[in-house]
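Here the structure is laid out as structure tokens; the discussion comes afterwards.
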Amino acid sequence: MNPRLALLAALVTALPARADWPTLSATVGYASQVYLSRSWDLVDDNDHLPMGRIGAGVTFEMAAGLVDVEAAYQAGNTSQTLHTAGPAQLALQGFDVGASYRWPVLRYLHPYLHLGLGWDWATLTVYGDARLLQSVSNFAGSGMVGVQVPLVLNPKLKRSAVLLLDLGFGGVLRPGYAFDAMAPKPPDKKPEDPIAVRPTDLGTLPMSGLAYRLLVTVRY
Amino acid sequence: MSPAPTTSPRRALFRALLFAALAAAGVACGTRGTLYTSALKPLALVATSGAVVQVVPQTRRAVIVTPGPGAPRPVRISAGARYAKRVPGTDAVAILTGSAKAPALDVLDVASGEVTTAEVPGLFDAIHFSPDGRFGVLVYLPSGGSGTLVARNLNEVGLWATAGREVTRLQLDTESLAPRGVLFGPVEPNRLLVAVTLERGVAVFDALHPEVAPRRISIRPQGSTVESAVVKAVFSQDAHWLFLRATGLDDVIAIELGPEVGRSVSASINFVAGGRGLSDIAAPPAGLADSVLAVYAASKEAWLLDARGIQDNAKRLQLTDAATRLAVLSGNRVLLWGEGSRSVAAWDAVDGRSGSALLDGAFASPVVVPALDKALFAHAAVSSAAGTGPALSTVTVSEETNRLRLKLQSIQLSKPMTASVLDGETQRFFFTVAQSPAVVTMDLRTLQLVEVSLDSVAQGLHHLTQGDWLVAEHAGFGYGDVTAVPAGTTDRSGAMHYADFAFTDDLDRPGDPP
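Note that the protein sequences, when read in sequence, are chains C and U.
Quick note on the numbering used here: the first sequence kicks off at 5 and runs consecutively.
Quick note on the numbering used here: the second sequence kicks off at 162 and runs consecutively.
What follows is the structure, given as structure tokens:
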């Protein structure tokens, strides 16, 4: 037998045997951000950026309450017709590392407070990447309050997988993203004597706003 | 009596969370404003000595493109921009802005990026500047139809001394509906006459004394049913005469102007006869006072007419082919040609020598370079023994003992010429041809050609004297797409492409409507 497969099988079979193994979780869901700046109208008609989010975390029991530490990746985009001539699209993706302090006030109601730090990449495209395009990146901070509704999948077991519905609301703080070097996408095959392209400065897009999320988590 | 029901902390927390979720959903249902919903319709590019400027009314920006390492610079201007033009001899661009309630004139200093705004006594459509840029006359255009106004008095003009910010309203009060053109007279010590040509006549005023009422001169006598209309006006070099060409008249209208300063200028109107079918007039070469050049298509003649009507002083050239236009070259030489024809003639209006040439193909209107006694004729197609196809003919007028010689040199083109421009010192001629990204530089003295290929086809050319740049304006989306290339080079490495710069500053719109 392949030694690597043997090691993996041993780890998997050993997992249930460890009663003190930390609680792990996997999350998938919808995380939207809402921007009230007028500049956001460049790429959207109702001020929000819908995103998908996947993450994984671990839970630690504290003297009072629980702390969920989570790492997540989220990505989304929005586009809208710009000046009646073509689409302008903003695509955002980023990683977020955060911790939630969770308070199980009821068996089926766990309010929490979440704080996170992340790094995001945003790409603004005007009329397709052959016209104007620029990607910028920067850090982000987020804060959120919410509630988790846990459903124990097999209550008869001492330790059973738990399905959680997570609803959160808060805000995200980012520096404004300066799209000051918009330029056509360079051709795949560069000519021998290319003509230098001077960028177009579109200005700065404020990227701080409100945030809400609806997640489904499996915790074990 | 039962105690009042109390809300548990847990239930209160649940309600707060529910409220937050509903608030978030409500916020997410915002609507889009109008900042980005209208089409961008930039005005035509304006070239100054060192930059090109694009005015984008919808974003309330003028975008300055200066060839160099930086990005185009945005400058905020007033709302309602509808016309932009360079003030001659300066690095300023005048922009007509504002609304019917508050018309304005923005003056953009391209070097500093500063904008000054002046009130304007009318929602004018266009500006005509004096050659030295000291004065501008703001006029209405019948085709303008600016804004939402249902009635406009097109007999009003605005006089702007460009050194200041005040625009003076002048009432022409003529019988005509609207101005057709504005002509500035030569600079005199105490006055600067301005002629506004109209359908039924001309109005003359002094730009240095705008408080004096304009002199109105009608070319249609009272009670006359003649339908002639002024189509061209020419000042004599001493401002003593104003010559008019009118439709339906073979006579040149010679208006003798008085020397008055600070009073309404006196005017005496004469009709000077020459040939038949008057098609163009021009001021004569320097030194030929009290005269006017005229060309007649029907009788195939060119005349140097005496403005006072003295027939003995008139000079005449009989042409073999009809000419419809004329231009003054250096010395006493005059170039004559017929639009749509193939023949070109030259005439010394003083000693009577002449010469002619037959080009290989028809042409529209040539580019005349008086300093070099040269004219450039673009042909969409030629047919000669040597071959067929588009071509560019250069005609150079030189003197021989008994006649003028028209030296003809032809340059073959792959496609018809589409855009051209002369450099500031008229030593080089730049042009492009249809469907080709190449820009050609032609040395006007040696006819040496230099060609550089850009990334896309150019539909317009501008020459910037500062730094000696050639700016090619590309066709396409119309949001500002130019390539600046060092003039007269074949090397692309010095070129710079500016793409879609009409979008500059589109994200930073404070103060604009929601």
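All C-beta atoms, glycine included, are put in the ideal place defined by N, C-alpha and C.
Just so you know, these numbers come straight off a predicted model, no measurement behind them.
- In this structure U/Asn314 is exposed. Its beta-carbon is surrounded by fewer than 16 other beta-carbon atoms within 10 angstroms.
- C/Phe64 and U/Arg237 have their C-alpha atoms some 56 Å from each other.
- Identification of chain C residues near U/Tyr659 by a Cβ-Cβ cut-off of 7 Å yields Arg202, ordered along the chain.
- In the DSSP assignment, U/Gly499 falls outside any beta strand (DSSP E) and carries neither an H nor an E.
- When DSSP states are grouped into helix, strand and coil, U/Phe662 belongs to the helix group.
- Along the length of the region 289-316 of chain U, whole beta strand (DSSP E) runs at least 3 residues long occupy 296-300, reported in chain order.
- Residue state for C/Trp25 is assigned as coil, using DSSP reduced to three classes.
- Scanning its chain for C-beta atoms nearer than 8 Å, with the 5 sequence neighbours on each side dropped, one finds around U/Pro674 the residues Gly194, Thr195, Leu196, in chain order.
- Segment contact: the region 579-588 of chain U against the region 554-570 of chain U, fewer than three CB-CB distances shorter than 8 Å; contact not assigned.
- Where C/His114 is concerned, the enclosing beta strand (DSSP E) starts and stops at 114-130.
- Between the alpha carbons of C/Gly145 and C/Glu74 lies a gap of roughly 14 Å.
- In this model, U/Pro375 and U/His635 are separated by some 44 Å (Cα to Cα).
- Here the C-alpha atom of U/Gly639 lies approximately 11 Å from the C-alpha atom of U/Val217.
- C/Ser36 and C/Gly61 have their C-alpha atoms roughly 20 Å apart.
- Taking 3 residues as the shortest admissible run, the region 369-435 of chain U contains the following complete beta strand (DSSP E) segments, listed from N- to C-terminal end: 376-379, 391-396, 402-407, 413-418, 428-433.
- Taking the C-beta atoms as reference points, U/Arg486 is found no nearer than 8 Å to U/Ala507.
- A straight-line Cα-Cα distance of about 36 Å links C/Leu110 and C/Asp124.
- In the structure shown, U/Gly639 adopts coil according to DSSP, grouped into three states.
- The Cβ atoms of C/Ala89 and U/Ala660 do not sit closer than 8 Å to each other.
- If you look at U/Ile442, you'll find it in the beta strand (DSSP E) that goes 439-443.
- Put simply, the backbone Cα of U/Arg469 is about 8 Å away from that of U/Val433.
- In the DSSP assignment, C/Met55 falls within the beta strand (DSSP E) that extends over 52-65.
- Judged by beta-carbon spacing, U/Thr258 lies beyond the 8 Å limit of U/Ser273, meaning their Cβ atoms are not closer than that value.
- Measuring C-alpha to C-alpha distances from C/Leu206 to each of C/Gln152, C/Leu137, C/Pro54 identifies C/Leu137 as the nearest.
- For U/Thr220, the secondary structure class from DSSP, reduced to helix, strand or coil, is helix.
- Of all residues in the region 606-632 of chain U, only Leu615, Asp616 come within less than 8 Å of chain C when Cβ atoms are compared, listed by chain position.
- With respect to the 8 Å criterion, U/Val224 and U/Gly641 are classified as neighbours on the basis of their beta carbons.
- Separation of the CB atoms of U/Asp666 and U/Thr220 is rounded to 7 Å, and the pair is thereby assigned contact status at 8 Å.
- Of all residues in the region 251-275 of chain U, none comes within less than 9 Å of chain C when Cβ atoms are compared.
- In terms of CA proximity to U/Leu466, U/Ala444 leads the group U/Ser460, U/Ala400, U/Ala459, U/Ala444.
- With 16 or more neighbouring CB atoms inside 10 Å of its own CB, C/Leu94 falls in the buried class.
- Taking 8 Å as the CB threshold, C/Asp133 stays off the interface with chain U.
- The beta carbon of C/Phe183 sits closer than 8 Å to some beta carbon of chain U.
- U/Pro340 counts as buried, since at least 16 other C-beta atoms from the protein chains shown sit within 10 angstroms of its C-beta.
- Scanning U/Lys393, U/Val281, U/Val271 for the CA closest to the CA of U/Gly319 turns up U/Val281.
- In the DSSP assignment, U/Ile572 falls within the beta strand (DSSP E) that extends over 565-573.
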